[in-house]
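In my numbering, the protein residues as written are 429 to 532.
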Amino acid sequence: ETCTPELVWGEVNRCELAAVIKEVFHDINVTSPKVSDRSYAPWSGDGVHTAQRITRDFVFSNVKDLTFVGGVYVEALNAQPSFVVDDPGGLLGKLLDVVAHGVE
(Lines of atoms letter the chains of each structure in order from A; the text may use other names.)
(Lines give C-alpha, C1' and ligand atoms only; values in the text may rest on other atoms or scores of the structure.)
Protein backbone atom coordinates (compact mmCIF):
# COMPACT_ATOMS: atom_id res chain seq x y z
CA GLU A 429 0.00 0.00 0.00
CA THR A 430 1.20 3.49 -0.87
CA CYS A 431 -0.35 6.59 0.65
CA THR A 432 1.35 9.88 -0.08
CA PRO A 433 -0.23 13.26 -0.76
CA GLU A 434 0.32 12.66 -4.49
CA LEU A 435 -0.51 8.95 -4.70
CA VAL A 436 -2.91 6.62 -2.95
CA TRP A 437 -2.54 3.14 -4.43
CA GLY A 438 -2.92 -0.41 -3.18
CA GLU A 439 -4.55 -3.78 -3.67
CA VAL A 440 -8.05 -2.27 -3.81
CA ASN A 441 -6.94 -0.09 -6.73
CA ARG A 442 -5.45 -3.05 -8.59
CA CYS A 443 -8.64 -5.08 -8.13
CA GLU A 444 -10.95 -2.24 -9.16
CA LEU A 445 -8.79 -1.37 -12.17
CA ALA A 446 -8.78 -5.02 -13.27
CA ALA A 447 -12.59 -5.07 -13.01
CA VAL A 448 -12.90 -1.94 -15.17
CA ILE A 449 -10.46 -3.29 -17.74
CA LYS A 450 -12.34 -6.57 -17.82
CA GLU A 451 -15.61 -4.75 -18.40
CA VAL A 452 -14.19 -2.46 -21.09
CA PHE A 453 -12.25 -5.15 -22.91
CA HIS A 454 -14.75 -7.98 -22.43
CA ASP A 455 -12.78 -10.55 -20.45
CA ILE A 456 -9.34 -9.43 -21.59
CA ASN A 457 -6.53 -11.94 -21.18
CA VAL A 458 -2.97 -12.40 -22.38
CA THR A 459 -4.12 -13.61 -25.77
CA SER A 460 -6.41 -10.61 -26.38
CA PRO A 461 -5.57 -8.10 -29.12
CA LYS A 462 -3.11 -5.41 -28.16
CA VAL A 463 -4.56 -2.14 -26.88
CA SER A 464 -2.76 -0.36 -29.72
CA ASP A 465 -4.67 -2.46 -32.28
CA ARG A 466 -7.14 0.18 -33.51
CA SER A 467 -9.29 -2.45 -35.20
CA TYR A 468 -10.20 -3.98 -31.83
CA ALA A 469 -13.88 -3.27 -31.08
CA PRO A 470 -13.51 -1.04 -27.99
CA TRP A 471 -11.47 1.41 -30.05
CA SER A 472 -13.89 1.75 -32.94
CA GLY A 473 -17.48 2.89 -33.33
CA ASP A 474 -19.72 2.14 -30.37
CA GLY A 475 -16.81 0.55 -28.49
CA VAL A 476 -15.32 3.98 -27.83
CA HIS A 477 -18.61 5.18 -26.41
CA THR A 478 -18.92 2.05 -24.28
CA ALA A 479 -15.44 2.57 -22.84
CA GLN A 480 -16.18 6.25 -22.17
CA ARG A 481 -19.48 5.41 -20.50
CA ILE A 482 -17.89 2.78 -18.25
CA THR A 483 -14.90 4.91 -17.25
CA ARG A 484 -16.45 8.40 -17.16
CA ASP A 485 -17.75 8.22 -13.60
CA PHE A 486 -15.29 5.66 -12.28
CA VAL A 487 -13.52 6.61 -9.05
CA PHE A 488 -11.42 4.27 -6.93
CA SER A 489 -13.30 3.47 -3.71
CA ASN A 490 -10.32 4.24 -1.47
CA VAL A 491 -10.04 7.85 -2.70
CA LYS A 492 -13.67 8.74 -3.43
CA ASP A 493 -14.05 10.56 -0.11
CA LEU A 494 -10.65 12.28 -0.20
CA THR A 495 -10.25 15.90 -1.23
CA PHE A 496 -7.97 16.17 -4.28
CA VAL A 497 -6.77 19.72 -4.98
CA GLY A 498 -3.79 20.83 -7.01
CA GLY A 499 -2.53 17.30 -7.52
CA VAL A 500 -2.54 16.32 -3.85
CA TYR A 501 -4.87 14.50 -1.50
CA VAL A 502 -5.38 17.07 1.25
CA GLU A 503 -6.05 14.49 3.99
CA ALA A 504 -2.82 12.65 3.19
CA LEU A 505 -0.91 15.94 3.19
CA ASN A 506 -2.33 16.79 6.61
CA ALA A 507 -1.27 13.34 7.87
CA GLN A 508 2.26 13.83 6.48
CA PRO A 509 3.15 17.46 7.26
CA SER A 510 6.84 16.91 6.41
CA PHE A 511 5.96 15.98 2.80
CA VAL A 512 7.63 18.39 0.38
CA VAL A 513 5.09 19.86 -2.07
CA ASP A 514 6.55 20.61 -5.52
CA ASP A 515 4.75 23.95 -5.90
CA PRO A 516 3.57 25.15 -2.48
CA GLY A 517 2.50 28.57 -3.79
CA GLY A 518 0.44 27.00 -6.56
CA LEU A 519 -1.15 24.55 -4.14
CA LEU A 520 -2.01 27.36 -1.72
CA GLY A 521 -3.61 29.32 -4.55
CA LYS A 522 -5.71 26.31 -5.56
CA LEU A 523 -6.70 25.63 -1.96
CA LEU A 524 -7.80 29.24 -1.52
CA ASP A 525 -9.73 29.02 -4.78
CA VAL A 526 -11.51 25.90 -3.51
CA VAL A 527 -12.37 27.65 -0.26
CA ALA A 528 -13.75 30.61 -2.19
CA HIS A 529 -15.53 28.75 -4.99
CA GLY A 530 -15.94 25.07 -4.04
CA VAL A 531 -14.14 21.84 -4.81
CA GLU A 532 -12.60 21.47 -8.29
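We put the beta carbon where it would ideally sit given N, CA and C, even for glycine.
Note that this is a predicted model, so its numbers are computed, not measured.
Among the candidates the options, whose CA atom is the shortest distance from the CA of residue i?
i	options	result
V436	V491, E451, V497	V491
V526	R481, N441, Q480, T495	T495
P433	F453, Q508, G530, L524	Q508
L452	I482, A528, P516, E503	First, the amino acid is wrong: residue 452 is Val here, not Leu. Taking only the C-alpha atoms, the option nearest V452 is I482.
Within a Cβ cutoff of 6 Å, which residues of the same chain sit near residue i, ignoring the five residues on either side of it in sequence?
i	result
G438	E429
K522	V497, G498
N441	F488
V513	L519
P516	none
E444	F488
Which whole-angstrom value is the C-beta distance of residue i and residue j, which I expect to be below 8 Å?
i	j	result
A504	C431	6 Å
Tell me which same chain residues have a C-beta within less than 7 Å of the C-beta of residue i, skipping the five on either side of it?
i	result
V502	T495
Among residues of its own chain, excluding the 5 on either side of residue i, which ones have a beta-carbon nearer than 8 Å to its beta-carbon?
i	result
V500	P433, E434, V513, L519
Below 8 Å, how does it come out for the region 439-448 and the region 484-498: are there three or more Cβ pairs, yes or no? Touching, yes.
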